[in-house]
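What follows is a set of notes on a single structure, which appears directly below.
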């Protein structure tokens with residue numbers, strides 16, 4: 005079991021175990037009949053409310069972490085959620101994989117998201133874009149957990165996946181906005197269970213993604229998003245789709261490239277870095293995925 009970061013539990017000497025007890029009662033994870041047993045265990049062993057409930061086998065440590073997330077406004081989904089299981093930051097934010105993404109978030113907050121620069125393009129290095137797409141979704145979740153207002157824009161119009169990863173019903177998205185078939189505000193959807201996180205999905209399949217991304221409306225849409233959100237994660241096509249990728253990265257002004265260990269070749273990666281920088285795009289960093 006991964007060791008969890010300990011957050012301060014209430015002393016839990018109050019009726020119903022304080023706020024955390026009220027949360028667990030409201031979620032029907034414990035009942036009123038359990039309270040005397042928990043209180044007795046607290047007195048006997050000098051435990052906090054949640055610790056006593058776990059000792060009695062009434063709750064798991066994950067149940068307590070979920071209740072703590074509600075208490076401290078830190079959204080964490082239950083195991084039964086429909087967000088893709090590889091979006092680990094939504095389910096287990098203290099796992100080693102999630103901690104690695106949180107480290108990337110810290111660097112992003114320190115060196116890029118300064119209130120003026122809010123757009124970040126996430127660019128998969130390889131034709132198999134899954135690692136980049138998952139990193140983008142996980143990064144967005146961690147930013148939302150830090151109480152930032154976050155928008156994910158799926159600009160991979162050739163193969164949009166963010167709606168499936170974040171369990172948002174398919175509907176109008178970026179392609180529809182760029183084709184003037186849907187207003188931006190109407191196409192944005194909230195991600196259930198994760199406060200502060202919204203998605204502008206790819207939308208209707210279009211035969212001309214490059215032409216759509218070339219339209220001035222794309223730049224206007226990104227500018228509009230930057231005024232409404234603290235962070236905007238723009239998911240791009242891979243480096244092997246250079247035209248689409250450059251349009252997305254250039255409009256975002258900053259990019260994170262997601263490479264794969266023992267798969268991504270160094271020479272094309274360096275060439276792409278040079279092209280991005282020549283276009284005025286700052287390479288914020290390279291994430292090496294196992």
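Numbering (the working numbering), first residue to last: 5 to 294.
Backbone N, C-alpha and C fix where the C-beta goes; we use that ideal spot for every residue, glycine too.
Note that this is a predicted model, so its numbers are computed, not measured.
Note on residue 30: under 16 other CB atoms within 10 angstroms of its CB, so exposed under the neighbour-count rule. Taking 9 Å as the cut-off, the beta carbon of residue 68 is found closer than this to the beta carbon of residue 24. Here residue 168 is near residue 88, since their CB atoms are less than 9 Å apart. Using a Cβ distance threshold of 9 Å, residue 158 and residue 136 do not count as a contacting pair. Boundaries of the alpha helix (DSSP H) harbouring residue 246: 246-256, taken from the DSSP string. By the neighbour-count criterion, in which a residue is buried when 16 or more other Cβ atoms sit within 10 angstroms of its Cβ, residue 170 is buried.
Here residue 230 has 122, 123, 236 as same chain residues with Cβ atoms under 7 Å from its own Cβ, once five neighbours each way along the sequence are excluded. One thing to note: residue 60 has its Cβ within 9 Å of the Cβ of residue 41.
Contact annotation: residue 207 and residue 164 have beta-carbon atoms nearer than 9 Å.
Counting of Cβ neighbours within 10 angstroms places residue 110 among the exposed residues, the total staying below 16. As the crow flies, the alpha-carbon of residue 216 is around 8 Å from that of residue 222.
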